[in-house]
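Undergrad: Quick one: this structure, given as structure tokens, is what I'll be asking you about.
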Amino acid sequence: MKCAEVRELLGNYMDQELTESMMQRIEKHLLRCPACAYEARSIEQAREMLRRGVESPMVSEPLGERILNHIAERFPHLRATRSTEQPFSLPLLSLEDEAPSV
Ligand SMILES: [Zn+2]
Numbered sequence: 008m009k010c011a012e013v014r015e016l017l018g019n020y021m022d023q024e025l026t027e028s029m030m031q032r033i034e035k036h037l038l039r040c041p042a043c044a045y046e047a048r049s050i051e052q053a054r055e056m057l058r059r060g061v062e063s064p065m066v067s068e069p070l071g072e073r074i075l076n077h078i079a080e081r082f083p084h085l086r087a088t089r090s091t092e093q094p095f096s097l098p099l100l101s102l103e104d105e106a107p108s109v
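Under the working numbering, the letters of the sequence shown match residues 8 to 109, in that order.
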């Protein structure tokens, strides 16, 4: 069996939509061919992630808020620098001085 054939059938193989003999042929190929085995695994992982993503979203909103609050509590200086010290550095102002160098 050729790699191209195997790759074409990998999706069906995962879904066990093939005949038993076909499944076995692909399985045998995967055991011998690291490239196709890798391909199969990455498909499997992608599907797994999709499945998990549907079941539980990565970061729910309350959790995101909790993380932000946690960061603010543990690193108060981060918040302080952002709000008080130099809210704007205005790097664009120097452009006028530099531009007319003809
Ligand atoms: Zn192969």
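Even for Gly, the Cβ is constructed at its ideal location relative to N, Cα and C.
Note that the coordinates shown come from a computational prediction; the quantities given were computed from them, not determined experimentally.
1. Buried or exposed: H84, going by 16 or more other Cβ atoms within 10 Å of its Cβ?
2. Taking the straight line between their C-alpha atoms, what separation do you get for E34 and P69?
3. Which whole-angstrom value describes the C-beta separation of L17 and A47, a residue pair presumed to lie in contact below a C-beta threshold of 8 Å?
4. Confirm the yes/no value for this check: CB of A42, any heavy atom of ligand 1, distance under 8 Å.
5. Where does Q128 sit, in a helix, a strand or coil, going by DSSP?
6. S90 by DSSP, collapsed to three states: which one?
7. Could you please give the first and the last residue of the uninterrupted alpha helix (DSSP H) stretch that includes C40?
TA: From the atom records:
1. exposed
2. Approximately 44 Å between the Cα atoms of the pair.
3. 6 Å
4. yes
5. Not covered by the structure: residue 128. The range shown for the chain is 8 to 109.
6. Note on S90: pLDDT 48, under 50, position unreliable in the model; no value is reported.
7. Run containing C40: none; DSSP gives neither H nor E here.
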